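Chains as they are written, first to last, in our numbering: chain A, 3 to 603; chain B, 696 to 959. Positions of the beta carbon are idealized from the N, C-alpha and C atoms, including for glycine. The model shown is predicted, which means the values in this text are computed figures rather than measured ones. Notes for the one structure printed next.
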């Protein structure tokens, strides 16, 4: 009997033939990986051919739901898109939210996996009649939001749509998949979908799924809802993540001009505290969410867009641009094209530095030039001019340009860096270096430790290692349950509290200790996948600039992250994770990953 | 005074806690407290190391020997402070420490009319010299100074540091409290002038830095209408992050208050 909250199966769609099979997902497996990013990792092990080109038809693309989806638990309407990343060549999971998660799961599947490729631009439909593919020529070239609107008008009520924009169709390696204005943003999974010539996936609920203990779930939902209105989420409710910008500037952790500085003198022009007063027009929330972190702003000309810290950081200070209208317009342009703002901003910032150093022939591209930023985005989305190079991401572009530009290409494993300065956040430095997805703030929230005051954020050591492991483990569980990380501050004993939620939904006798083991399993399974796909020890590292150029703080102290210090933290991380000195696991530990589980059935 | 100097109340904290906190703010290395055998100490932050002075009543050179010995494998230079200087300023400590960087074995302030051996910097390699002097019962710091290179820093030399000149022009860093009246007078002074700035949801309509009087981070938080809890942290001068309300402040400090959740 399948546990509450699950269907015990994945739908595996062959886009070549327009057919689908059901892959059973036994209870033991679901309990080992939960759902979301965890289950997606296992699916990639199981269904992804080793060494496959992420943009080849054989590469699987999975939309993975979770046992909590469809319950009244706040922030639970989320799904993970999982595939091998065309940007990093490694495992990538990108989360998104809202009604697609609910409708997708209620097609009767814990995951929908697509492999193969359609002959022509298509839409994949999944509902009570199963999976089928229809033509989508009229949607080609449209922004994801327009394609979504047009498709829903065509299909009628009940359908929910995840779509790609022009960048995904053109194979930009950091293209997004969008739904209802939200994005599975990182790692270029929109390009994977585009390579399959699937413009959109539409899902419609066909069935229901009940939790094992409905009354307990309802009680937990009421409690969590009340806590979600408390001080732990005030930042998200009142100003959204953009509240970080001015604070990060004050504490020297706002990456500026491609990490050449950690403060941006013009940051106040982009501050949430002022922009909210002048430009905010609405506040929204995802389905099933009581926090309401989405702050909608209006740029000059009336264009409206959701504003987050990461897109303002990447398209603002990172590129030296301080005009709020330009930054908001650039952010909206990324949404229209279907580009990950962090990778777009990081790659353009790198190119601006290359242009200023004379390494590329683009005299129009300069730090602080808002028009140049917008032109670069358009060229990337259309893969024309300089955009053909920049669509490859900063790592590949630096390999082509040479001239020492790899030293300041702002990426780890090919994924561009988020807006957290590693030299002044040294637990985060470790988290960024070793994380399976690459430079990422959502799979390693180690900045939490740096900003806790529990240790010196400028002097990475063993305490930072322990903190980075703890936050990585927490993220592994939250991304698999799935619960929004903006809720994390309301949990005082997180693993135990999450286990109680999972027990109420599934009926399992799971406890906090089991969830800690689950976290380690998921983290290890991601690493093992990457090793299978060619990961090398030197991939767990940071860009040379961050290890050779100190940051001077206004207090007089100097933040220095030496290669030796980073090496020491990585070695300690490997030891604590049970890995050898080269970051590889003991073969005896692989049995617990259940990687051959279905094959052995 | 009825209470050991180390435990004298100071703005909700103690004099020793303040001294330890000021030194921790300035130095990269450990902060060591040398105590007499069996001496009770007030609560101290977790990073503090306490070493016992093996022999009681032998004066400052004995304490110096014990403290420098505790640090000699981990730091080249140490700032040595008595516990009873309630106005010790970080800029003063920085300036005095710089004397060693310029080649001296001892950076010795000569301020407010006297040499200040217990507000001075010492190379930790002097530990065995100090121990020998104690064994020889030559217990005055002057004997130590005879055996090493001393940079005597008069008030003009100290004030040549622009930060120190701005925030402690009277070199009140070396004012100590020997009598109850001294302590009462010091305690009656207004708290240092600092600036506070709130960010994000904590700003509540306030923009930019605002002046306040606060001797500790907790007092600054109170002036900002905030409470340091699991959701609010403070950053001193854009540098160290803390939730410890007893973290001492000094004139000229800026205290940033920000949301503890930096998710983005």
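**OP:** Can you give me the Cβ contacts of residue 143 of chain A inside the same chain, cut-off strictly under 6 Å, excluding the 5 residues immediately before and after it?
**Re:** 168
Subject >> C-beta neighbour in chain A for residue 818 of chain B, strict 8 Å >> reply: False, the Cβ-Cβ gap to chain A never drops below 8 Å.
**OP:** Indicate the three-state DSSP secondary structure (helix, strand or coil) for residue 841 of chain B in the structure shown.
**Re:** coil
**OP:** Could you list which residues in chain B have their beta carbon closer than 9 Å to that of residue 246 of chain A, in chain order?
**Re:** 894, 895, 953, 954, 957, 958 and 959
**OP:** Look at the alpha carbon of residue 111 of chain A and the alpha carbon of residue 26 of chain A, and state the distance between them as a whole number of angstroms.
**Re:** Taking the CA atoms as reference points, residue 111 of chain A sits about 10 Å from residue 26 of chain A.
Original post:
Under three-state DSSP, which class holds residue 500 of chain A?
Top reply: helix
Original post:
Which residue's Cα is closest to the Cα of residue 578 of chain A: A/470, A/374, A/277 and A/321?
Top reply: Out of A/470, A/374, A/277 and A/321, A/470 has the C-alpha closest to the C-alpha of residue 578 of chain A.
**OP:** Take every Cβ of the segment 534–548 of chain A, pair it with every Cβ of the segment 91–107 of chain A, and state whether three or more of those distances are shorter than 8 Å.
**Re:** yes
Original post:
Which of the residues in the segment 818–848 of chain B, read from start to end, lie with their CB under 8 Å from any CB of chain A?
Top reply: none
Subject >> Own chain, CB closer than 7 Å to residue 701 of chain B, minus 5 neighbours either side, in chain order >> reply: 709, 710, 711, 736, 737 and 778
Subject >> Which residues DSSP lists as bridging residue 22 of chain A, in chain order >> reply: A/15
Original post:
Once you ignore the five residues that flank residue 547 of chain A on each side, which residues in its own chain have a CB closer than 7 Å to its CB?
Top reply: 261, 409 and 410
**OP:** Specify the secondary structure class of residue 908 of chain B as computed by DSSP and reduced to three states.
**Re:** strand
**OP:** Provide the residue span of the beta strand (DSSP E) that contains residue 32 of chain A, from first to last.
**Re:** Looking at the DSSP string, residue 32 of chain A is not in any beta strand (DSSP E); the run it does join, the alpha helix (DSSP H), is 29–35.
Subject >> Same chain, Cβ closer than 7 Å to residue 591 of chain A, five either side skipped, listed in chain order >> reply: Excluding sequence neighbours, residue 591 of chain A sits near 526 and 580.
Subject >> Expected contact under 8 Å - CB spacing of residue 150 of chain A and residue 138 of chain A to nearest Å >> reply: The Cβ separation is near 12 Å, so there is no contact.
Original post:
Would you say residue 427 of chain A and residue 449 of chain A are within 8 Å of each other, going by their C-beta atoms?
Top reply: Closer than 8 Å, so yes.
Subject >> Rounded straight-line distance, which links the Cα of residue 769 of chain B to that of residue 638 of chain B >> reply: Residue 638 of chain B falls outside the range modelled here, since chain B spans only 696 to 959, and no answer is possible.
Original post:
Quick one: what's got a C-beta closer than 7 Å to residue 721 of chain B's C-beta in the same chain, skipping five residues either side?
Top reply: 785, 788 and 789
**OP:** Use the C-beta contact count for residue 837 of chain B: other C-beta atoms within 10 angstroms, 16 or more gives buried, fewer gives exposed.
**Re:** exposed
Subject >> Option in A/28, A/495 and A/407 with minimal Cα separation from residue 351 of chain A >> reply: A/407
Original post:
What does residue 915 of chain B reach in chain A if we use C-beta pairs closer than 9 Å?
Top reply: Near residue 915 of chain B there are no residues of chain A at all, since even the closest Cβ is about 14 Å away, more than 9 Å.
Subject >> Residue closest to residue 349 of chain A, alpha-carbon to alpha-carbon, out of A/420, A/283 and A/309 >> reply: A/420
**OP:** Starting from the C-beta of residue 215 of chain A, find all residues in its chain whose C-beta is less than 6 Å away, skip the five residues before and the five after it, and write them out in chain order.
**Re:** 506
Original post:
Alpha carbon to alpha carbon, what distance is there between residue 75 of chain A and residue 218 of chain A?
Top reply: Looking at the two C-alpha atoms, the distance is approximately 11 Å.
Original post:
Rounded to the nearest angstrom, how far is the Cβ of residue 959 of chain B from that of residue 181 of chain A, given a contact under 8 Å?
Top reply: In this structure residue 959 of chain B does not touch residue 181 of chain A by the C-beta definition: roughly 21 Å separates them, more than the 8 Å allowed.
**OP:** With DSSP collapsed to three states, give me the class of residue 297 of chain A.
**Re:** For residue 297 of chain A, the secondary structure class from DSSP, reduced to helix, strand or coil, is strand.
Original post:
When you check each C-beta in the segment 286–314 of chain A against every C-beta of chain B, which residues fall closer than 9 Å?
Top reply: Residues passing the 9 Å Cβ filter: 310, 311 and 312.
**OP:** List the whole-angstrom C-beta distance separating residue 395 of chain A from residue 176 of chain A, where the pair is believed to meet the contact cut-off of C-beta under 8 Å.
**Re:** 6 Å
**OP:** State the Cα-Cα distance for the pair residue 257 of chain A and residue 397 of chain A, rounded to the nearest angstrom.
**Re:** 18 Å
Original post:
Any contact of the segment 502–521 of chain A with the segment 475–484 of chain A, i.e. 3+ C-beta pairs under 8 Å?
Top reply: yes
Original post:
Should residue 863 of chain B be flagged as near chain D, meaning a C-beta pair shorter than 8 Å?
Top reply: Reference to chain D is not applicable here, since the protein chains of this structure are A and B.
Original post:
For residue 179 of chain A versus residue 83 of chain A, is the C-beta spacing smaller than 8 Å?
Top reply: yes
**OP:** Using a threshold of 8 Å, state whether the C-beta atoms of residue 800 of chain B and residue 843 of chain B are closer than that.
**Re:** yes
Original post:
For a contact meaning CB atoms closer than 9 Å, what does residue 570 of chain A contact in chain B?
Top reply: Within 9 Å Cβ-Cβ: nothing; residue 570 of chain A doesn't reach chain B, min ~16 Å.
**OP:** Could you check what DSSP says for residue 114 of chain A in three-state terms: helix, strand or coil?
**Re:** strand
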